Amino acid sequence: MASSEKAWPELIAGALAEKNLKEYVCHGMWTPSGYFHIGNARVEYFVPELVYEALAAKGLKAKFNFLADDFDPMDKIPGNLPIKEKDFEQYKGVPYYNIPSPFPEYKSWASCFTGKLFEAIGDFGAVPNRISCYESYKKGLYNEKIKTALDNAQKIVGIWNEITGTEKAPNFLPIQIVCENCGKLSFTEAGNWDGKEVEYACKKESGGCGHKAKTRPFDGRAKLHWRMHWPAGWSVFNVAFESGGKDHFARGGSVDTGKAFAKEIFGMEAPLLYGAEFIQLRGAKMSGSIGNVIDLQEWLKVAKPEIFRFMNLSYRPGSAIEFSLNDNSFPLLVERYEQAERVYYGAEKLRDEGLTGTARKDYALSQMRKAQKEMPAQIPFSLQTLVAQIADPEKNIEKALEILSETSHISAGQAKGQKGEIRQQLLRAKYWLDNYAPEEMKIRFLEKAPKGLEHDSKTREVFSEIARQLPKAKTPEEIQMLIYGSAKQHELQPREIFRKLYLMTIGKEQGPKFGSLAIAIGIDKIIKRLQEI
Ligand SMILES: [Zn+2]
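Just so you know, we're using my numbering here: the sequence shown kicks off at 23 and counts up by one.
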């Protein structure tokens with residue numbers, strides 16, 4: 023049967039299971055440089071989370087770690103924060119764990135953005151073990167890896183140069199020391215490892231303070247260079263699966279060197295690594311340090327988390343997603359989710375069995391709880407936005423429910439039983455309208471008929487007949503039939519009549535099903551509009 027097809031997390035879990043491990047550690051890693059946005063969430067949270075869930079569903083022992091790389095230094099100051107950039111210029115080159123928080127309620131820059139992430143993540147899926155990179159170094163978890171790396175520095179340079187095609191100097195050490203004078207990590211250069219200590223200089227010409235000293239590079243005083251740091255982490259945490267941005271997978275990139283260092287320096291097999299594409303925001307990579315982001319909290323204001331899980335499930339991690347809240351990609355996603363819901367509950371069939379099976383699977387895996395027995399009330403997104411404008415769901419949910427039952431989108435039972443859920447939906451639709459929706463997607467009843475619409479006598483006759491009969495039509499279907507019938511009777515194209523009706527009422531060539539639209543706006547108003555012609 024088609025529904026036995028596997029979703030991509032299940033395929034990855036299947037490949038992992040062949041390794042026969044005692045425990046499968048799935049890793050996400052992220053630098054808390056700014057908001058954790060939905061693009062990061064795909065690569066650094068959802069891919070390992072969904073694989074972790076698939077492993078657990080197979081009955082395998084699995085663990086999900088999330089490593090906040092707070093030992094990374096600040097490079098750019100994000101543009102979307104309520105701070106003065108010049109107040110933070112001084113922290114460029116300082117690791118994020120040691121930079122003041124841009125918001126007063128957090129201890130540091132790193133704990134602020136990692137904190138915000140953990141405040142929201144439980145709404146989207148499994149809560150991973152929160153691990154601070156700096157704390158791990160400080161506790162000494164990386165000490166042995168640091169010693170190994172320094173003892174093998176020459177071998178590392180050889181591998182490095184061969185794989186990346188660069189020319190690292192023979193005395194290069196793959197480590198960065200935190201300058202004991204200025205606290206910056208970015209500008210130090212280490213040398214002369216004697217088995218216990220290294221010498222370092224905080225280079226003035228690169229932006230450092232000029233300090234020179236000798237130090238033991240352990241317990242949080244130094245961080246391995248990124249290309250060593252990554253595989254060292256696989257060894258420290260015994261990682262079986264990790265995903266990373268596709269850029270790391272480029273030829274000669276940190277995946278290539280990581281695999282080689284894992285094998286040649288740390289004597290281990292690299293985990294299964296999976297490259298994932300970021301989510302593109304109107305063609306640009308969403309970036310916490312630039313500031314063009316939708317973070318997790320913001321997502322929850324516009325849509326439920328299941329829809330985001332669904333988006334991540336329905337695209338393979340390697341394929342790019344073009345997504346924006348400012349155009350129709352958002353309503354289209356919501357509609358795709360609702361279609362998958364109908365397919366799941368057997369209310370719709372897709373073109374072939376394969377597609378049907380995939381939609382069912384993606385829907386089932388996107389649910390945070392076990393899917394309920396009966397299909398939830400479905401209100402088309404375009405109607406949600408319309409109703410939210412006519413009856414404010416915050417203040418007047420009863421009126422909104424009344425419209426929805428008059429348009430036959432919900433039953434009396436649903437109006438009662440799913441009131442909270444429907445209100446949530448309408449509030450989210452309203453938030454989207456108020457904050458993101460492009461002008462052409464907002465649907466409003468025009469207070470006056472637009473000027474310049476000319477109708478011939480036949481069309482005018484159709485309109486007056488519709489106006490006369492409308493009070494008798496009780497449901498959206500009856501209204502549709504009435505319009506269709508009148509048009510046919512006068513030998514006019516129904517499609518053309520509908521187009522004119524949309525233009526007269528909402529000023530657009532098309533819209534939600536006219537029967538529903540008319541009820542939502544109010545039959546009296548529609549009749550009045552038709553009589554104005
Ligand atoms: Zn310094």
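For glycine and all other residues, C-beta sits at the position ideal for the given N, C-alpha and C. Values in this document were obtained by computation on a predicted structure and should not be read as measured data.
Endpoints, the beta strand (DSSP E) within which residue i is located
{"i": "residue 212", "result": "210-213"}
{"i": "residue 51", "result": "46-52"}
{"i": "residue 237", "result": "234-237"}
{"i": "residue 302", "result": "301-303"}
{"i": "residue 154", "result": "151-154"}
{"i": "residue 265", "result": "263-267"}
{"i": "residue 88", "result": "84-90"}
{"i": "residue 223", "result": "220-224"}
Of the listed residues the options, nearest to residue i (C-alpha basis)
{"i": "residue 29", "options": "331, 144, 483", "result": "331"}
{"i": "residue 159", "options": "252, 225, 510", "result": "252"}
{"i": "residue 67", "options": "76, 82, 48", "result": "48"}
{"i": "residue 441", "options": "427, 72, 459, 484", "result": "427"}
{"i": "residue 181", "options": "381, 32, 250", "result": "250"}
{"i": "residue 541", "options": "196, 495, 359, 346", "result": "495"}
{"i": "residue 259", "options": "87, 499, 73", "result": "87"}
{"i": "residue 254", "options": "288, 138, 237, 269", "result": "288"}
{"i": "residue 478", "options": "410, 555, 517, 165", "result": "555"}
{"i": "residue 16", "options": "185, 229, 149, 38", "result": "With the chain running from 23 to 555 in the structure shown, residue 16 is simply not present."}
{"i": "residue 275", "options": "120, 203, 248", "result": "248"}
{"i": "residue 390", "options": "40, 78, 148", "result": "148"}
{"i": "residue 466", "options": "286, 392, 83, 407", "result": "407"}
{"i": "residue 174", "options": "242, 189, 464, 195", "result": "195"}
{"i": "residue 321", "options": "364, 339, 183, 346", "result": "346"}
{"i": "residue 300", "options": "277, 270, 327, 504", "result": "270"}
{"i": "residue 482", "options": "502, 470, 508", "result": "508"}
Extent of the continuous alpha helix (DSSP H) to which residue i belongs
{"i": "residue 259", "result": "248-259"}
{"i": "residue 295", "result": "Per DSSP, residue 295 belongs to no alpha helix (DSSP H); it is in the beta strand (DSSP E), 294-298."}
{"i": "residue 523", "result": "516-528"}
{"i": "residue 382", "result": "375-388"}
{"i": "residue 112", "result": "First-last for residue 112: undefined, no H or E at that position."}
{"i": "residue 556", "result": "The requested residue 556 does not occur in the structure, where the chain is confined to residues 23 to 555."}
{"i": "residue 549", "result": "545-554"}
{"i": "residue 579", "result": "Here the chain covers residues 23 to 555 and nothing more, so residue 579 does not appear."}
{"i": "residue 498", "result": "498-511"}
{"i": "residue 190", "result": "Here residue 190 belongs to no alpha helix (DSSP H), and DSSP marks it neither H nor E."}
{"i": "residue 276", "result": "276-286"}
{"i": "residue 463", "result": "Unbroken run through residue 463: none, as it is neither H nor E."}
{"i": "residue 138", "result": "131-143"}
{"i": "residue 342", "result": "Run containing residue 342: none; DSSP gives neither H nor E here."}
{"i": "residue 488", "result": "479-491"}
{"i": "residue 320", "result": "318-324"}
{"i": "residue 419", "result": "419-428"}
{"i": "residue 359", "result": "351-366"}
{"i": "residue 77", "result": "69-79"}
{"i": "residue 331", "result": "327-336"}
{"i": "residue 173", "result": "165-173"}
{"i": "residue 403", "result": "403-412"}
Whole-number beta carbon distance between residue j and residue i, since they are thought to touch under 8 Å
{"i": "residue 486", "j": "residue 552", "result": "7 Å"}
{"i": "residue 132", "j": "residue 97", "result": "Actually they do not touch by this definition, with Cβ atoms about 14 Å apart."}
{"i": "residue 283", "j": "residue 357", "result": "46 Å between Cβ atoms; not a contact."}
{"i": "residue 480", "j": "residue 512", "result": "5 Å"}
{"i": "residue 212", "j": "residue 199", "result": "5 Å"}
{"i": "residue 207", "j": "residue 95", "result": "5 Å"}
{"i": "residue 298", "j": "residue 267", "result": "7 Å"}
{"i": "residue 124", "j": "residue 105", "result": "5 Å"}
{"i": "residue 537", "j": "residue 499", "result": "6 Å"}
{"i": "residue 140", "j": "residue 54", "result": "That pair is no contact at about 11 Å."}
{"i": "residue 197", "j": "residue 244", "result": "5 Å"}
{"i": "residue 119", "j": "residue 154", "result": "7 Å"}
Beta carbon nearer than 6 Å to a non-hydrogen atom of ligand 1
Counting only residues whose CB is nearer than 6 Å to a non-hydrogen atom of ligand 1, the list in chain order is 201, 203, 204, 206, 224, 230, 231, 233.
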